[in-house]
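Inspection log for the structure reproduced underneath, given as structure tokens.
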Amino acid sequence: MLCPEVWKFSAPDISTKIIEGSLKNESSKKNVLYTIGKHYFNHLISVVLPDTGPQTLPVELKNLFTKDCEYYKIYNVKVEEFVDYAFIQGYVNKGQLYVLSIDTRIDTDDCLAITPCGKLILSLLKETYQELGLEGKLSHFCKKEENRYIVNIDLKSDLLQPGKKYYDRVKWCLSNNFKPLSVILAWMPYNISICPSSIASYFDSLKYNVYLSEPKTESRTSYSVEVPLLDISSDIKFCTSSELLEWIGMHSIGANLEEENYDYLSSYETPEENITFGQVFYLKATGFYPDNQILKIFDELRLYLSNRPHLPWVSLHVQGFLDSPVSWGLKEHQFYTNGDNSYTIVIKPDDQFILQTVISSNKR
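Counted from 1, the sequence shown has number 199 at position 155 by this note's numbering; the numbering is strictly sequential.
Written out as structure tokens, the structure is:
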């Protein structure tokens with residue numbers, strides 16, 4: 045067929061959920077904290093903040109994205125290092141460990157993740173899985189093709205101790221049947237007197253080259269901006285949640301919001317229910333942010349807003365890694381068309397909020 049009717053192909057499904065509520069409600073607050081706390085691997089954070097006070101982004105907010113946010117990059121790590129008993133005792137059991145493979149694609153390569161709850165997750169191609177020799181299960185997304193498998197190893201299991209058959213088998217299989225992977229990692233010790241950088245010293249002692257990495261930030265300030273207003277608790281809303289989220293997205297990518305020609309389908313118009321602010325700050329940071337750092341940023345933004353009741357809202361957008369083996373918690377992730385796993389929170393001074401979560405298609 046020379047001219048297929050491509051317009052009849054339906055767009056891939058993307059799971060999008062929008063929740064409205066108040067952080068003063070324990071059930072609603074729990075939902076927000078769960079969304080943040082179970083999204084372990086975060087790559088991009090951005091904040092949109094309409095303000096009438098300072099001419100530049102407040103230093104205390106900007107520092108949230110860079111202070112104590114360092115992580116480490118190690119190339120060609122032998123995966124058996126992560127199941128070594130000394131490593132488990134010293135780091136898995138004494139802190140929150142975050143490890144993610146890099147330079148790998150979830151749909152074409154072998155990928156690895158270690159979650160703060162102590163799970164080593166291997167997302168493997170069929171050939172790798174068959175050669176590895178460890179028990180796993182067929183990927184949720186590959187029921188038909190049967191070309192990807194998931195191996196889940198509990199690093200906190202009592203079976204992972206020297207002298208036990210399971211420990212010896214896991215070590216042997218990873219040592220002899222699995223190739224090294226490059227990773228990024230971060231470690232948050234339970235004991236605050238212990239330095240998080242000690243994990244870098246550990247791998248350095250094993251003769252690996254360990255590279256310190258820091259987040260990259262960029263910011264901009266826009267002036268005389270028409271900002272949409274929202275009142276979640278009112279029966280008559282100033283604009284819908286979807287309209288506000290759309291505006292935040294448009295502003296974040298630097299789109300022209302002053303276009304006056306609305307004759308085209310692609311044209312955008314700011315919601316009529318708006319107020320002009322002297323400046324709107326935008327800050328974006330990319331790096332490796334564990335969930336507890338996002339929680340800290342969320343709490344500080346909420347505190348900042350509570351002391352400025354004249355502000356309409358502040359938004360926090362968080363984007364996960366496209367090729368992470370998991371999205372929320374231990375939920376398997378895939379890259380069907382885009383690998384999306386992100387969420388956006390809009391908070392008002394009175395603790396009203398909008399929470400939007402987006403995840404790529406669950407199509408198999």
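Using N, Cα and C, we set each Cβ at its ideal position, and we do this for glycine too.
**Asked** So, using beta-carbon positions, are Ile389 and Ile132 closer together than 9 Å?
**Response** Taking the sequence shown and counting its residues from 1, the one referred to as residue 389 is at position 345. Taking the sequence shown and counting its residues from 1, the one referred to as residue 132 is at position 88. The answer is no: Cβ separation not under 9 Å.
**Prompt:** Should Ile118 and Thr330 be called a contact, given that it needs their Cβ atoms to be closer than 9 Å?
**Reply:** Counting from one through the sequence shown, the residue named residue 118 turns up at place 74. Counting from one through the sequence shown, the residue named residue 330 turns up at place 286. No; because the gap between Cβ atoms is not below 9 Å, this pair is not in contact.
**Item:** Cα-Cα separation between Leu168 and Ser268, rounded to whole angstroms
**Value:** On the sequence shown, position 124 is the one that residue 168 refers to. On the sequence shown, position 224 is the one that residue 268 refers to. Roughly 51 Å between the two C-alpha positions.
**Prompt:** Any chance the region 109-118 sits against the region 321-339, with 3 or more Cβ pairs inside 8 Å?
**Reply:** yes
**Check whether Ala157 and Ile165 have beta carbons under 9 Å apart** = Here residue 157 refers to the residue found at position 113 of the sequence shown. Here residue 165 refers to the residue found at position 121 of the sequence shown. Yes; because the gap between Cβ atoms is below 9 Å, this pair is in contact.
**Asked** Taking the alpha-carbon positions, what's the Val127 to Pro160 distance?
**Response** Locating residue 127 in the sequence shown gives position 83, where the first residue counts as 1. Locating residue 160 in the sequence shown gives position 116, where the first residue counts as 1. One C-alpha to the other measures close to 14 Å.
**Asked** What is the rounded straight-line gap between the Cα of Leu199 and the Cα of Gly364?
**Response** Here residue 199 corresponds to residue number 155 of the sequence shown, with the count starting at 1. Here residue 364 corresponds to residue number 320 of the sequence shown, with the count starting at 1. Looking at the two C-alpha atoms, the distance is approximately 23 Å.
**Message:** So, at 6 Å on beta carbons, what are the nonlocal neighbours of Ser263 in its own chain, with the 5 sequence-adjacent residues on each side left out?
**Reply:** In the sequence shown, counting from the first residue as 1, residue 263 sits at position 219. Closer than 6 Å at Cβ, skipping near neighbours: Leu101, Leu327.
**Prompt:** Whose CA, out of Leu360, Val402, Asp367, Pro240, lies closest to the CA of Leu108?
**Reply:** Taking the sequence shown and counting its residues from 1, one reaches residue 108 at position 64. Ranking Leu360, Val402, Asp367, Pro240 by Cα distance to Leu108 puts Leu360 first.
**Residue of Ile62, Tyr142, Asn69, Ser72 minimising C-alpha distance to Val370** = The count along the sequence shown starts at 1 and reaches residue 370 at position 326. Considering only alpha carbons, the answer is Tyr142.
**Message:** Quick check: what's the CA-CA separation for Tyr84 versus Gly139?
**Reply:** For the purposes of this step, residue 84 is taken as residue 40 along the sequence shown, with counting starting at 1. For the purposes of this step, residue 139 is taken as residue 95 along the sequence shown, with counting starting at 1. Each residue's Cα considered, the two are about 14 Å apart.
**Asked** Hey, Pro94 and Leu355: beta-carbon distance below 9 Å or not?
**Response** Walking along the sequence shown from the start, residue 94 turns up at place 50. Walking along the sequence shown from the start, residue 355 turns up at place 311. Closer than 9 Å, so yes.
**Message:** Once the 5 residues before and after Asn191 are set aside, which same chain residues still bring their CB inside 6 Å of it?
**Reply:** Along the sequence shown, one-based indexing puts residue 191 at 147. Cβ neighbours of Asn191 beyond the five flanking positions: Lys170.
**Asked** From this set, Lys251, Leu256, Ser226, Ile398, which residue's C-alpha is nearest Pro240's C-alpha?
**Response** Along the sequence shown, one-based indexing puts residue 240 at 196. Nearest option by C-alpha distance: Leu256.
**Item:** alpha helix (DSSP H) segments (min. 4 residues) lying fully within the region 326-379
**Value:** 335-350
**Request:** Report the three-state DSSP secondary structure of Asn191 (helix, strand or coil).
**Result:** In the sequence shown, residue 191 corresponds to position 147, counting from 1. Coil, per DSSP.
**Asked** Run through DSSP, which three-state label would Gln174 get?
**Response** For the purposes of this step, residue 174 is taken as residue 130 along the sequence shown, with counting starting at 1. Helix at Gln174.
**Asked** For Leu218 versus Val121, is the C-beta distance shorter than 9 Å?
**Response** As a first step, residue 218 must be located in the sequence shown, where it is residue number 174. As a first step, residue 121 must be located in the sequence shown, where it is residue number 77. Contact: no.
**Message:** Are the CB atoms of Tyr173 and Gly162 within a distance shorter than 9 Å?
**Reply:** Position 118 of the sequence shown, counted from the first residue, corresponds to residue 162. Position 129 of the sequence shown, counted from the first residue, corresponds to residue 173. No, these two residues do not count as a Cβ contact at 9 Å.
**Request:** Give me whichever residues DSSP pairs with Lys61 in a beta bridge.
**Result:** Locating residue 61 in the sequence shown gives position 17, counting from the first residue. For Lys61, which the question treats as bridged, DSSP gives the partners Thr401.
**Request:** Could you name the residues that DSSP lists as bridge partners for Phe321?
**Result:** Taking the sequence shown and counting its residues from 1, one reaches residue 321 at position 277. Bridge partners of Phe321: Val269.
**Request:** Closer than 6 Å by C-beta to Arg149: which residues in its own chain qualify, once you throw out the five before and the five after it? Chain order, please.
**Result:** Looking up residue 149 in the sequence shown gives position 105. For Arg149, where only same-chain residues beyond five positions count, the Cβ hits under 6 Å are Asp367.
**Asked** Which residue comes first and which comes last in the beta strand (DSSP E) that contains Thr388?
**Response** Taking the sequence shown and counting its residues from 1, one reaches residue 388 at position 344. Note, Thr388: beta strand (DSSP E), 385-391.
**Prompt:** Asp384: buried (16+ other C-beta within 10 angstroms of its C-beta) or exposed?
**Reply:** In the sequence shown, counting from the first residue as 1, residue 384 sits at position 340. Buried, because 16 or more other Cβ atoms sit within 10 Å of the Cβ of Asp384.
**Request:** Note down, in chain order, each residue of its chain lying with its Cβ closer than 7 Å to the Cβ of Tyr348, except the 5 sequence neighbours on either side.
**Result:** Walking along the sequence shown from the start, residue 348 turns up at place 304. Result list for Tyr348: Leu105, in chain order.
**Message:** Just list the residues that DSSP pairs Val80 with in beta bridges.
**Reply:** The residue you call residue 80 lines up with position 36 of the sequence shown. Per the sequence shown, the amino acid found at residue 80 is Ile instead of Val. Answer by DSSP bridge pairing: none, since Ile80 is not bridged.
**Item:** Cβ pair Ser350, Ile62 closer than 9 Å
**Value:** Taking the sequence shown and counting its residues from 1, one reaches residue 350 at position 306. Taking the sequence shown and counting its residues from 1, one reaches residue 62 at position 18. Not closer than 9 Å, so no.
**Message:** On the CB-based measure, 16 or more other CB atoms within 10 Å of its CB, does Ile197 come out buried or exposed?
**Reply:** Here the question's residue 197 lines up with position 153 in the sequence shown. Label assigned to Ile197: buried.
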